[in-house]
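A short worksheet on the structure shown next.
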DNA sequence: AATGAATGAGTATTCATTCAT
DNA sequence: TATGAATGAATACTCATTCAT
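Residue numbers (the numbering used here), protein chains in the order written: chain A, 1 to 216; chain B, 217 to 432; chain C, 433 to 648; chain D, 649 to 864.
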């Protein structure tokens, strides 16, 4: 019973998680049987339970990975010189280009988060992490004089999250939905929230394809 | 000749739907057994199937009710003299005051809509209905000169839906989330989208260079 | 609560029995629901139980009718001057022309007779009745010198029944089975069992399309 | 690596089939629940479905076995020097000594064959197999000059089947039925059908004019 | 570490029958 | 007499998880 060395162990877990993600995205959490996952991962049921403690544990694992991925994405935003440009990039990647499969998975996880406290905790941790990251980014930008000093970072971060979630959900539910048409408007709204942009930046012109409204 | 008169019939259906809503919100669609629903409704399994054809049929019924309720709510907005005031009222009712139970139910239905085409159809029908309703409201307002004639109704309707969905989801996932703080900002964003035209300006450039909205 | 006059009562029973026969033949006893029968008969479930005490009771009723019908058929054979001619006619009617629906019904009843003693009793009563009838017919014929006096009526009656049952079953099971080819041979076999036929009778020539066996 | 070796696998299937045969014979297909079968076989429901795909699949399995057994029995007839003696043996075994339980099972399967195409196919395959086997046996015998060359093998094979089915059915339905009394007569009938050629005669006429078998 | 056969509680739905009207 | 809504036990099959090997 010599334990598998850590890297193999981790690799096996990742492999199973991949399989589970595909299955859940394809068929949903409840319609996916453990057999499905084991078959997809090429692993025996017995082996599965060496790496995960239960079917629900898989969702925790998926959340964990999501969190790591998001952390990287947000870190890259932090390093970007232009907040709006980085945000635009993020929106592009996460709301428009993310394969629909992922969106479905997300929805599935959200639903599961309602019943399973552990998963709920995981999901909220991710959301908090994202919100806090945005807050920090906004504070930094404010400190550097790049955004309106009167803007409330916490609220703006929330709004950004809300817009992201809304876009995500819409795309998931409606295969016909065209996010590209909305994105520029959304970006301009956020832009209007965080205040004056340094002129000559590419994003303001680029992102906005609709006529923005004059705000009182 | 007893043949249940139509109103009793309908009342019984509504009663069962109420029970199902509670169960689904509490435990989720898949974790709720027919026995659970029957117990909650005080109805025998046999009787249940006199009113609904299957477990899934319940979701269709729930969607139907939702649609009717939304239609009424949106009709009242249509009659309101002030679009933004009415929208604010709607946001208050649907995004802030709606009991969390409903939010959870919503999430559950969304997840189910991904796998079950019939339910997906139902859900999309509701979403389309809402979007179209907003479009019509905006067109009316435009016709009456109350909003910026250059605003694209379809896109704005989408954005409103997205914001609504996002708020809804956020509240569902995070019991601590305080929608009240965000709502005014969100309303002002929408207001800025439909707001009165600034005369004589090529608006796209203009809008982005004006002062951002002051968030109270 | 004045009881329905006897004839209406009986007519209603017959009507329901017809419906049940169709249903059982079409779908089998177990796959037919009471609702099916009630729908087919245009009768409410409640009403059904005024005329029959249970689903199984229907089979008893069907047997009863069968018995009556067979009694008539056999009576006509008894009156026929030529036993073989009458038998040939009987075979034609019961084994070749009987609609397949009836055959299926028969099979269904046989299967049910195995489990339900009451039905078993009914079925055996019919079979005994048929056998006894044949015995009597044979005895009569023997008394009139029309058949071989050494033939054992009981055994021959059995053999006739066995051949009839076999034909019946075969036709029921195999839609392609062509009874017409076998019938003459079967008749000639029976003919050979009961001994010399009075010459000049039409039947020997008619019924037998194969060359009949000469019985000593 | 435990992966059940083929023989154990097969043995388990046989064991379950035995249990199912008993149950079906005792209670009929429809009145037997999967629990009944599992209890009788000492197997969990889950395990059952490792060996069979459905309740109906059991009947296919039973047919399969029947076919194999029949094939062996018929093969032994083929090797016998005396066709009639072999047939007599077969009749003894299959129609007289077969335990009544088997007969009931048979009846049950026949009834089921009427509604379920897959089972119907199975049953017809067996019947065809038997008929074809008899045809071949008769042809062989004819080639060896043992039977009347004018006899039509196909028809005689049919008649044999019909007699067998009839006997079978009769025994199943009537516990009092004494097949022993009929068997010799039946055999003599068959014998008269295939009987030795009278030389120099146009046999069809001849065969039928020979002495009938003396029934003891 | 890994296997995969086995478990057995759990599920949606049906249906013969009853009974208030 | 007749209705048909209501009952609730029963059923075939699934699936997360375990455990002997």
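The C-beta atom is built at its ideal place from N, Cα and C for all residues, glycine as well. Since the model is a prediction, treat every value here as computed from it, not as a measurement.
| Check | Outcome |
| --- | --- |
| Start-to-end residues for the alpha helix (DSSP H) that takes in residue 158 of chain A | 153 to 173 |
| Chain D contact residues for residue 599 of chain C, given Cβ-Cβ distances below 7 Å | 810 |
| Interface positions of the stretch 513 to 539 of chain C facing chain D (Cβ-Cβ less than 9 Å), listed along the chain | 535, 536, 539 |
| Cut-off 8 Å between Cβ atoms - residues of its own chain near residue 670 of chain D, not counting five sequence neighbours on either side | 688, 749 |
| Given residue 224 of chain B as reference, the closest of B:267, B:406, B:254, B:404 once Cα atoms are compared | B:267 |
| Of the listed residues C:489, C:474, C:461, nearest to residue 444 of chain C (C-alpha basis) | C:474 |
| Cutoff 7 Å: residue 23 of chain A Cβ touching any chain B Cβ | no |
| Contacts around residue 174 of chain A, its chain only, beta-carbon distance under 8 Å, and the 5 residues preceding and following it disregarded | none |
| Residue 251 of chain B: contacting residues in chain A (beta-carbon distance under 7 Å) | Within chain A, no residue comes near residue 251 of chain B; the closest Cβ sits about 17 Å away, beyond 7 Å. |
| Validate contact between the stretch 327 to 344 of chain B and the stretch 276 to 286 of chain B using beta carbons, cut 8 Å, 3 pairs | yes |
| Nonlocal neighbours in the same chain, by C-beta distance under 6 Å from residue 141 of chain A, ignoring five residues either side | 83, 147 |
| Alpha carbon of residue 499 of chain C to alpha carbon of residue 538 of chain C, nearest angstrom | 12 Å |
| Chain D within 7 Å of residue 621 of chain C, Cβ atoms only | yes |
| Spatial distance of residue 536 of chain C from residue 735 of chain D (CA atoms) | 30 Å |
| Presumed contact (8 Å Cβ cut-off) between residue 96 of chain A and residue 164 of chain A, rounded CB distance | Their Cβ separation, rounded to whole angstroms, is 11 Å, which puts residue 96 of chain A and residue 164 of chain A out of contact at 8 Å. |
| Chain-ordered neighbours of residue 821 of chain D on chain C, where CB pairs are closer than 7 Å | 542, 545, 555, 556, 559 |
| Length of the line joining the Cα atoms of residue 156 of chain A and residue 20 of chain A | 35 Å |
| Proximal residues to residue 44 of chain A (C-beta, below 8 Å), its chain only, five neighbours per side dropped | 38 |
| Any chain C beta carbon closer than 7 Å to residue 833 of chain D | yes |
| Closer than 9 Å at the beta carbon, the chain C residues around residue 708 of chain D | Ordered by position in chain C, no residue passes the 9 Å Cβ test against residue 708 of chain D, which lies about 16 Å from the chain. |
| Beta-carbon proximity check, residue 593 of chain C vs residue 506 of chain C, cutoff 7 Å | no |
| Cβ-based neighbour list, residue 571 of chain C, same chain, cut-off 8 Å, excluding 5 preceding and 5 following | 585 |
| Where residue 497 of chain C falls: helix, strand or coil (DSSP) | helix |
| Cβ-based contacts, 7 Å cut-off: residues of the stretch 787 to 804 of chain D near chain C | 803 |
| Residue-level contact to chain B via CB, residue 170 of chain A, 7 Å cutoff | yes |
| Short-range partners of chain A found in the stretch 257 to 282 of chain B, where Cβ spacing is below 9 Å | none |
| Three-state secondary structure (DSSP) of residue 576 of chain C | coil |
| Cβ-Cβ separation, residue 553 of chain C to residue 678 of chain D (assumed contact under 8 Å), whole Å | With 8 Å as the limit, residue 678 of chain D and residue 553 of chain C do not qualify as a contact, their Cβ atoms being about 21 Å apart. |
| Min CB distance residue 232 of chain B to chain A below 7 Å | no |
| Member of B:244, B:365, B:269 whose CA lies at the smallest distance from the CA of residue 110 of chain A | B:244 |
| Backbone CA spacing between residue 91 of chain A and residue 264 of chain B [nearest angstrom] | 46 Å |
| Inter-residue CB distance, residue 189 of chain A and residue 403 of chain B (contact presumed, cutoff 8 Å) | That pair is no contact at about 12 Å. |
| C-beta neighbour in chain A for residue 375 of chain B, strict 7 Å | yes |
| Beta-carbon neighbours of residue 397 of chain B, restricted to chain A and to distances below 9 Å | 152, 154, 155, 158 |
| Between the CA atoms of residue 332 of chain B and residue 486 of chain C - distance to the nearest angstrom | 41 Å |
| Those runs of the alpha helix (DSSP H) which lie wholly inside the stretch 64 to 119 of chain A and span at least 4 residues | 83 to 91, 100 to 115 |
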